[in-house]
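> One structure, as C-alpha coordinates, below. Some questions next.
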Amino acid sequence: MDIRSILGRSGERQGERLLRRKGYRIVVRNYRCPPGELDLIALDGTTVVFVEVKTRASDEHADPQDAVT
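To convert, note that position 5 of the sequence shown is 17 in the working numbering; the numbers rise steadily by one, no gaps.
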(Lines of atoms letter the chains of each structure in order from A; the text may use other names.)
(Lines give C-alpha, C1' and ligand atoms only; values in the text may rest on other atoms or scores of the structure.)
Protein backbone atom coordinates (compact mmCIF):
# COMPACT_ATOMS: atom_id res chain seq x y z
CA MET A 13 0.00 0.00 0.00
CA ASP A 14 1.45 3.39 -0.96
CA ILE A 15 1.69 6.39 1.38
CA ARG A 16 -1.33 8.13 -0.18
CA SER A 17 -3.50 5.08 0.43
CA ILE A 18 -2.28 4.81 4.02
CA LEU A 19 -2.95 8.52 4.58
CA GLY A 20 -6.40 8.23 3.01
CA ARG A 21 -7.40 5.24 5.16
CA SER A 22 -6.17 7.04 8.26
CA GLY A 23 -8.28 10.07 7.39
CA GLU A 24 -11.35 7.91 6.80
CA ARG A 25 -10.93 6.27 10.22
CA GLN A 26 -10.55 9.68 11.87
CA GLY A 27 -13.63 10.95 10.05
CA GLU A 28 -15.62 7.93 11.17
CA ARG A 29 -14.55 8.41 14.80
CA LEU A 30 -15.53 12.09 14.67
CA LEU A 31 -18.97 11.29 13.27
CA ARG A 32 -19.55 8.58 15.89
CA ARG A 33 -18.57 10.98 18.71
CA LYS A 34 -21.12 13.45 17.33
CA GLY A 35 -23.84 10.79 17.44
CA TYR A 36 -23.95 9.70 13.81
CA ARG A 37 -24.50 6.03 13.02
CA ILE A 38 -22.21 4.69 10.30
CA VAL A 39 -24.24 2.62 7.83
CA VAL A 40 -21.72 1.87 5.04
CA ARG A 41 -17.96 2.30 4.55
CA ASN A 42 -16.35 2.63 1.10
CA TYR A 43 -19.57 2.33 -0.90
CA ARG A 44 -18.73 1.58 -4.53
CA CYS A 45 -21.03 2.39 -7.42
CA PRO A 46 -20.53 2.96 -11.19
CA PRO A 47 -19.74 6.70 -10.84
CA GLY A 48 -17.16 6.11 -8.07
CA GLU A 49 -16.92 5.58 -4.33
CA LEU A 50 -18.20 7.24 -1.16
CA ASP A 51 -16.06 6.95 1.96
CA LEU A 52 -18.91 6.87 4.47
CA ILE A 53 -22.68 6.81 4.55
CA ALA A 54 -24.10 7.69 7.95
CA LEU A 55 -27.37 8.49 9.66
CA ASP A 56 -27.99 11.59 11.76
CA GLY A 57 -31.39 10.71 13.18
CA THR A 58 -33.46 10.18 10.04
CA THR A 59 -31.13 12.18 7.79
CA VAL A 60 -28.84 10.20 5.45
CA VAL A 61 -25.37 11.78 5.26
CA PHE A 62 -22.92 11.05 2.41
CA VAL A 63 -19.29 11.70 3.35
CA GLU A 64 -16.19 12.02 1.18
CA VAL A 65 -13.09 12.42 3.37
CA LYS A 66 -10.29 14.66 2.08
CA THR A 67 -7.09 13.93 4.00
CA ARG A 68 -4.09 16.21 3.74
CA ALA A 69 -0.45 15.46 4.42
CA SER A 70 0.20 19.03 5.60
CA ASP A 71 -1.73 22.08 6.73
CA GLU A 72 -0.35 24.21 3.89
CA HIS A 73 -3.93 24.84 2.73
CA ALA A 74 -5.50 24.83 6.18
CA ASP A 75 -9.03 26.00 5.33
CA PRO A 76 -11.19 22.85 4.99
CA GLN A 77 -13.59 24.55 2.59
CA ASP A 78 -10.71 24.85 0.10
CA ALA A 79 -10.84 21.06 -0.38
CA VAL A 80 -14.54 20.97 -1.28
CA THR A 81 -15.13 20.44 -4.98
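We treat Cβ as the ideally placed atom computed from N, Cα and C, and that holds for glycine. Note that this is a predicted model, so its numbers are computed, not measured.
Just to confirm my understanding: we take V63, look at its own chain, exclude 5 residues before and 5 after, and list those with CB closer than 6 Å. What are they?
Counting from 1 along the sequence shown, the entry for residue 63 is found at position 51. Counting only Cβ-Cβ distances below 6 Å, and skipping sequence neighbours, we find D51 and L52.
> Applying the 10 Å Cβ sphere with the 16-neighbour rule, what's the burial state of G35?
Taking the first residue of the sequence shown as 1, we reach residue 35 at position 23. It counts as exposed.
> What do you get for A69, buried or exposed, if any count of 16 or more other CB atoms within 10 angstroms of its CB means buried?
For the purposes of this step, residue 69 is taken as the residue at position 57 of the sequence shown. Exposed, by the Cβ-count rule.
> If you follow the beta strand (DSSP E) that R68 is in, where does it begin and where does it stop?
On the sequence shown, residue 68 is found 56 positions in, with the first residue counted as 1. Run containing R68: none; DSSP gives neither H nor E here.
> If you reduce the DSSP assignment to three classes, tell me which class D51 lands in.
Stepping through the sequence shown from its first residue, residue 51 is reached at position 39. Reduced to three states, the DSSP call for D51 is strand.
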